[in-house]
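These notes concern the structure reproduced below.
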Amino acid sequence: AQSVSQHNHHVILSEAASLELGCNYSYGGTVNLFWYVQYPGQHLQLLLKYFSGDPLVKGIKGFEAEFIKSKFSFNLRKPSVQWSDTAEYFCAAGATTLFFGTGTRLTVIP
Amino acid sequence: GAVVSQHPSRVICKSGTSVKIECRSLDFQATTMFWYRQFPKKSLMLMATSNEGSKATYEQGVEKDKFLINHASLTLSTLTVTSAHPEDSSFYICSAHPDGPPNYGYTFGSGTRLTVV
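Which chain is which? The protein sequence lines are A and B, in order.
Taking the working numbering, the leading residue of the first sequence gets 36, the next gets one more, and so forth.
Taking the working numbering, the leading residue of the second sequence gets 31, the next gets one more, and so forth.
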């Protein structure tokens, strides 16, 4: 069965700290992987996506993610977070249909 | 870029009434659109896949007769919550991707906050 797991429910960081959010997936067949962000009061926006090729994917706002097939993981990283990164982050996997993780709330303290 | 418009953004209705939510792809065609429900402190749950010109595909546990989906054109899908009850109060989000290469990715509407009183 398809599923996506995000193990960090709430992460609190100070500005300039490094960020890594975990995402593991279970999916049969070729999988596309995504990270979405939902800022307070706003709708979901795509941060980055992986379809094939270079497993290190760079997205918007300085975010990147690495696809490790052997670990079924697609962790999101950012070297130095800002207060404006405070949001809910969702990992998703799928082909024609997306399945979402439970989300990770990131709070960045100025 | 691809834009999905969802309307209304907020709606309050009385228990027992029906509410229609629209999802439009503004600058692309989408044979397939998706309806999600977001529970507080939980993830987005896929409710159904809307297919233009044919019946929607519902996920297990989603009542077809309660959540009516119509995908009458390549740019419009509607979700009607029939005989709404307070437990139907939630945040509903639609998404779509263009009928082109998958590299376009998925675009989400801004969501509809439904409150049933």
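All residues carry an ideal CB built from backbone N, CA and C; glycine is no exception.
When secondary structure is reduced to three states using DSSP, GLU123 of chain A falls in the strand class. Here the alpha carbons of PRO75 of chain A and THR121 of chain A stand approximately 8 Å from one another. Here the stretch 134 to 143 of chain A makes contact with the stretch 37 to 49 of chain A; the two share three or more CB pairs at distances below 8 Å. A residue is called buried when at least 16 other Cβ atoms come within 10 angstroms of its Cβ; TRP118 of chain A does not meet this threshold and is exposed. Under the DSSP assignment, VAL39 of chain A falls in the beta strand (DSSP E) whose first and last residues are 38 to 40.
Put simply, the backbone Cα of CYS43 of chain B is about 5 Å away from that of VAL146 of chain B. Contact note: ILE99 of chain B does not reach chain A at a C-beta cutoff of 7 Å; the least C-beta distance is about 14 Å. For THR47 of chain B, the closest alpha carbon among the candidates B:HIS115, B:ASP129, B:SER140 is that of B:HIS115.
Contact annotation, GLY97 of chain A with LYS113 of chain A: C-beta distance approximately 5 Å; criterion of less than 8 Å satisfied. If you look at ASN59 of chain A, you'll find it in the beta strand (DSSP E) that goes 59 to 61. Secondary structure note for LYS94 of chain B: it is in no beta strand (DSSP E), with a DSSP letter that is neither H nor E. Under the 7 Å criterion on CB atoms, PHE138 of chain B is classed as interfacial with respect to chain A.
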